[in-house]
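Student: This is the structure, below, for whatever I ask next.
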Amino acid sequence: MDLIINTLKKMKHYFAENVFYSVKSLIVWLFIPIITIITVTVGICAYTVSRRQLESQAYINIADTVSQTKNYLDHRLYDIFEQLTVLSEDKDLLSVISRVGNDQLWRLTDFDYIRLTENINKIYIAYYSSLKSMLFYLNDGQVLLYKTDNLYYGVDFSFLQWRKRFYGNPFECYWLNLHQDQVFKGDNTKVVSLFKMIGQEDSTVRGIILFNLRESFFKKILKNPVISPNGYLALVSNEGSMAFKSVEPRYQLDSGILTRIRELSNTHGNFKYQKPFGPKMVVVYNTINTCKWKIVAVLPENEILSKTDYIKSLILILSFILLIVAALMSNVLATIITKPLSKLTKKVKCVTEGDMYVPFDITISNEIGILNNGIGALVVQVNTLLEQIKEEQEKKRIADLTILQAQINPHFLYNTIYSIHQLCALGESENASKMLLALGNFFRIGLSQGQEIITIREEIEHVRNYLVIQQMKYADKLQFEFEIEPAIIEENIIKLTLQPLVENAIYHGVKKKLDQGVIQIRGYRDGRMIRIEVRDNGVGMIKEQLIKIQEYLTGCGELEKSFGFGLRNVHERLRIHFGSNYGLSIDSWENAGAVVTVTIPTLVADDNR
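With our numbering applied, the sequence shown corresponds to residues 726 to 1334, in that order.
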């Protein structure tokens, strides 16, 4: 109704007062929106395409940066790992290890010290830029060789503590993320450790070969690539993480995101996350083969698309220029088209003043004739729509009034309050409180602040409260079950759709049953439709009565009693709101219960399923 009224007002505004002004306004009204739609559509498409291309290229560039950094780190770390392997398999070292456990041969000779020290120095000098210190330690210091920047550092190493902490690697080689140096006393710098454990807790020979890598080595590698103003590279392992760029806390990785990164099964990829009240962040990751650590690039998503602001500004400027050109062209066209529209203008003006039965009898076959026929057909459709809307609004008003009356039914309210009073009198305060809470929730959801449309979740909760009240009134005679698919609980439904169906199931089905009655409510998605079934095991209906109910729902029959009125009411409200393809269907069997099915469209997009 509002749409039609607004349309008529616009028509009256554009076809007013004099022919030339009306024609000119008509051209502006038709031409400018078309150019505007075209301009906006082209602008949106151009911006969308460029945005996607820039975003895709940005992801590729970041992934390349991560991959290149990963390859460089992989190469350097593998070289160091290879040196540890070579040193651990050195024949001089193996000879020392084999003699340490022998009480007669354990003492090292000068030759042993010279050869081992020579091997350690060779590695230390070759990899000085990345190696901070090296340690070879056996049997509580019986054999102790080390190399570090400061020879005055003392050594503090407990084999049992390290053995308990690091156990289970079949090669006994471990990588330890950035940490405070725990071996060399007096060295307060942080290091990354690569080490190999020798022996078990009860072994004759037990110790460690340890390489400590410089923090500056990793800092130089991770800080060198420029990701974005607030983007940075980080290394994540099971023991911790390291990142060297100073950023605000909202851009930093918290424990939850670190755990998510550690649990990633793919070797490379990307994902997005967002902290509460924080910006949306992008993580692009890869895996270092040597130590299985994740190298990640972390940056705000909006910084990926910062270059699109320029394109957006350019598109806006072009769109504004095109709109100015369109306005000028519309004025030129308006001055060309004059008298042929005057007759049509007068007829439209009569329509805007309320005369909806003006004959549009222009017979010319040019554009004016087509426009005349179109407006004439539009007026006929408007008349038809006005009648349909008037009829549907009246039906809806009656249905809403009936629902409102049922919603605050004094008889139901009186019986419930009386039941609560009896429970209180019997000292069953807990059950009374439960019933009172269900009653309050029932009316709260039923009112819904005047809203007609609520979610299925709220409608189910409303029915659940109603059934709780009825179950307590009928004691063990009534049971109910719910089976609702999670995918449909946030879909929309008309308020008070299910409660009248459940009420019918109780009073005309299970209440007349001698043994226990069961009401089952099942909701599921069926293609692009949602179906909700209300099933009972009551007395059911004979075939003739079922046919009368079905005819009554379609408006082709009448019932002598009030039974079925609630079904008809719900059916009409669903058809008015959703269309004639939706509503209720009912099936029943004598002495075997009945099932009423609600069919409504699904409104949530497919990608949210």
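Each residue gets a CB set at the ideal place from its N, CA and C atoms; glycine is no exception.
What residue ranges within the stretch 868-919 form continuous beta strand (DSSP E) runs of no fewer than 3 residues, ordered along the chain?
Tutor: 868-873, 898-905
Student: Determine, using beta carbons only, whether His1296 and Ile1219 come nearer to each other than 8 angstroms.
Tutor: Here residue 1296 is taken as the residue at index 571 of the sequence shown, counted from 1. Here residue 1219 is taken as the residue at index 494 of the sequence shown, counted from 1. In this structure, His1296 sits away from Ile1219, with a CB-CB distance that is not shorter than 8 angstroms.
Student: Tell me whether the stretch 981-1000 and the stretch 1037-1056 touch, counting them as touching only if at least three CB pairs, one residue from each stretch, are closer than 8 angstroms.
Tutor: No, they do not touch.
Student: In whole angstroms, what separates the C-alpha of Tyr998 from that of Leu1161?
Tutor: Against the sequence shown, residue 998 aligns to sequence position 273. Against the sequence shown, residue 1161 aligns to sequence position 436. So the two alpha carbons sit approximately 43 angstroms from each other.
Student: Looking only at C-alpha atoms, which of Val1009, Tyr803, Val972, Glu1315 sits nearest to Lys1237?
Tutor: Along the sequence shown, one-based indexing puts residue 1237 at 512. When Val1009, Tyr803, Val972, Glu1315 are compared, the shortest CA-CA separation from Lys1237 is found for Glu1315.
Student: Taking the alpha helix (DSSP H) that Asp815 belongs to, which residues open and close that run?
Tutor: Residue mapping note: residue 815 aligns to position 90 of the sequence shown, counting from 1. Looking at the DSSP string, Asp815 is not in any alpha helix (DSSP H), and its letter there is neither H nor E.
Student: So which of His800, Thr914, Gly1304 has the shortest CA-CA distance to Asn710?
Tutor: The requested residue 710 is not part of the displayed model; the chain covers only 726 to 1334.
Student: Return the CA-CA distance between Cys1016 and Thr842, expressed in angstroms with no decimal places.
Tutor: Reading the sequence shown from its first residue, position 291 is the one you call residue 1016. Reading the sequence shown from its first residue, position 117 is the one you call residue 842. Distance between the alpha carbons of Cys1016 and Thr842 is about 27 angstroms.
Student: Looking at the secondary structure, which residues open and close the alpha helix (DSSP H) in which Arg1247 lies?
Tutor: Within the sequence shown, residue 1247 is the residue found at index 522, counting from 1. Not the alpha helix (DSSP H): Arg1247 falls in the beta strand (DSSP E), residues 1242-1251.
Student: Going by Cα to Cα distance, which pick from Arg1300, Asn786, Asp1261, Glu973 is closest to Tyr1010?
Tutor: The count along the sequence shown starts at 1 and reaches residue 1010 at position 285. The shortest C-alpha separation from Tyr1010 is found at Asn786.
Student: My output table needs one value for Gln1176: the three-state DSSP class, helix, strand or coil.
Tutor: For this step, residue 1176 is matched to residue 451 along the sequence shown. Reduced to three states, the DSSP call for Gln1176 is coil.
Student: For Met967, which residues in the same chain have their Cβ closer than 7 angstroms to its Cβ, ignoring the five residues on either side in sequence?
Tutor: Position 242 of the sequence shown, counted from the first residue, corresponds to residue 967. Closer than 7 angstroms at the Cβ level, and outside the excluded window around Met967, lie Asn902, Leu903, Phe943, Ala959, Leu960.
Student: Figure out for me which residue from Arg776, Ile934, Phe884, Arg985 has the closest Cα to the Cα of Tyr1035.
Tutor: For the purposes of this step, residue 1035 is taken as residue 310 along the sequence shown, with counting starting at 1. Considering only alpha carbons, the answer is Arg776.
Student: Go through its chain and collect everything with a Cβ distance to Asn1229's Cβ below 7 angstroms, but skip five positions before and after it.
Tutor: Stepping through the sequence shown from its first residue, residue 1229 is reached at position 504. Closer than 7 angstroms at the Cβ level, and outside the excluded window around Asn1229, lie Gly1291, Leu1292.
Student: If we ignore side chains and look at the alpha-carbon of each, how far apart do Gln907 and Gln808 end up?
Tutor: For the purposes of this step, residue 907 is identified with residue 182 of the sequence shown, where counting begins at 1. For the purposes of this step, residue 808 is identified with residue 83 of the sequence shown, where counting begins at 1. The alpha-carbon separation between Gln907 and Gln808 amounts to approximately 22 angstroms.
Student: Determine the closest residue to Gly1242 out of Leu1103, Gln1275, Lys1202, with distance taken between C-alpha atoms.
Tutor: The sequence position of residue 1242 within the sequence shown is 517, counting from 1. Of the listed residues, the one whose Cα sits closest to Gly1242 is Lys1202.
Student: Within a Cβ cutoff of 8 angstroms, which residues of the same chain sit near Leu1223, ignoring the five residues on either side of it in sequence?
Tutor: On the sequence shown, position 498 is the one that residue 1223 refers to. These residues qualify, in order along the chain: Glu1184, Ile1185, His1187, Val1188, Ile1246, Ile1257, Val1259, Val1323.
Student: Quick check on Glu1210: does DSSP put it in helix, strand or coil?
Tutor: Mapped onto the sequence shown, residue 1210 falls at position 485. When DSSP states are grouped into helix, strand and coil, Glu1210 belongs to the coil group.
Student: Roughly how many whole angstroms lie between the Cα atoms of Tyr838 and Leu870?
Tutor: Walking along the sequence shown from the start, residue 838 turns up at place 113. Walking along the sequence shown from the start, residue 870 turns up at place 145. So the two alpha carbons sit approximately 8 angstroms from each other.
Student: For Gly768, which residues in the same chain have their Cβ closer than 6 angstroms to its Cβ, ignoring the five residues on either side in sequence?
Tutor: Indexing the sequence shown from 1 puts residue 768 at position 43. So the list reads Ile1040, Ser1044, once near-sequence residues are dropped.
Student: What separation, rounded to the nearest whole angstrom, lies between the Cα atoms of Ile762 and Val1007?
Tutor: Indexing the sequence shown from 1 puts residue 762 at position 37. Indexing the sequence shown from 1 puts residue 1007 at position 282. Those two C-alpha atoms are separated by around 34 angstroms.
Student: Determine whether the beta carbon atoms of Thr1180 and Glu1216 lie at a separation below 8 angstroms.
Tutor: The count along the sequence shown starts at 1 and reaches residue 1180 at position 455. The count along the sequence shown starts at 1 and reaches residue 1216 at position 491. Yes, these two residues count as a Cβ contact at 8 angstroms.
Student: In the DSSP assignment, find the alpha helix (DSSP H) that holds Tyr853 and state where it starts and stops.
Tutor: For this step, residue 853 is matched to residue 128 along the sequence shown. Neither: Tyr853 is in no alpha helix (DSSP H) and is coded neither H nor E.
Student: Pull up the distance between the alpha-carbon of Leu1103 and that of Thr764, whole angstroms please.
Tutor: Reading the sequence shown from its first residue, position 378 is the one you call residue 1103. Reading the sequence shown from its first residue, position 39 is the one you call residue 764. Cα-Cα distance, rounded: 28 angstroms.
Student: Do the stretch 970-985 and the stretch 916-927 make contact, defined as three or more Cβ pairs closer than 8 angstroms?
Tutor: no
Student: Let's test the definition: count the other Cβ atoms within 10 Å of the Cβ of Ser1031 and tell me whether it reaches 16, buried, or not, exposed.
Tutor: The residue given as residue 1031 occupies position 306 in the sequence shown. Looking at its Cβ environment, which holds fewer than 16 other Cβ atoms inside 10 Å, Ser1031 is exposed.
Student: Residues in the same chain with beta-carbon distance under 8 angstroms from Asp835, minus the five sequence neighbours each way, listed in chain order, please.
Tutor: Along the sequence shown, one-based indexing puts residue 835 at 110. Contacts found: none.
Student: Asn955 by DSSP, collapsed to three states: which one?
Tutor: As a first step, residue 955 is located in the sequence shown; it is residue number 230 there, counting from the start. Asn955 falls in the coil class under three-state DSSP.
Student: Per DSSP, what kind of secondary structure is Ser1287 in: helix, strand or coil?
Tutor: The residue labelled residue 1287 in the question sits at position 562 within the sequence shown. Bear in mind that the predicted position of Ser1287 carries a pLDDT of just 48, short of 50, making it too unreliable to give a figure here.
Student: Which residue wins for smallest C-alpha separation from Ala1022, given the options Phe884, Asp1240, Pro950, Ile1194?
Tutor: Counted from its first residue, the sequence shown places residue 1022 at position 297. That would be Pro950, whose Cα lies nearest to the Cα of Ala1022.
Student: Compute the Euclidean distance between the alpha carbons of Tyr878 and Gly932, then round it to the nearest angstrom.
Tutor: In the sequence shown, the residue the question calls residue 878 occupies position 153. In the sequence shown, the residue the question calls residue 932 occupies position 207. Distance between the alpha carbons of Tyr878 and Gly932: 19 angstroms.
Student: Let me confirm a value: Gln793 is counted as buried when at least 16 other C-beta atoms fall within 10 Å, else exposed. Which label applies?
Tutor: Your numbering for residue 793 matches position 68 in the sequence shown. Looking at its Cβ environment, which holds fewer than 16 other Cβ atoms inside 10 Å, Gln793 is exposed.
Student: Taking DSSP as the reference, what is the three-state secondary structure of Asn743?
Tutor: Along the sequence shown, read from residue 1 onward, the residue named residue 743 stands at position 18. Caution applies to Asn743, whose pLDDT of 44 falls short of 50 and renders its modelled position unreliable; the model cannot decide the point.
Student: Give me the Cβ distance between Ile1145 and Phe1167, rounded to the nearest whole Å; I'm assuming they're in contact under 8 angstroms.
Tutor: Counting from one through the sequence shown, the residue named residue 1145 turns up at place 420. Counting from one through the sequence shown, the residue named residue 1167 turns up at place 442. Going by Cβ atoms, the distance from Ile1145 to Phe1167 rounds to 13 angstroms, so no, they are not a contact pair.
Student: Starting from Met967, trace the beta strand (DSSP E) in both directions and tell me its first and last residue.
Tutor: Here residue 967 refers to the residue found at position 242 when the sequence shown is read from its first residue. Unbroken beta strand (DSSP E) run through Met967: 965-967.
Student: Can you tell me which of Tyr849, Leu863, Tyr1277 puts its alpha carbon nearest to the alpha carbon of Ser823?
Tutor: Here residue 823 refers to the residue found at position 98 of the sequence shown. If we check each option's Cα against that of Ser823, Leu863 comes out closest.
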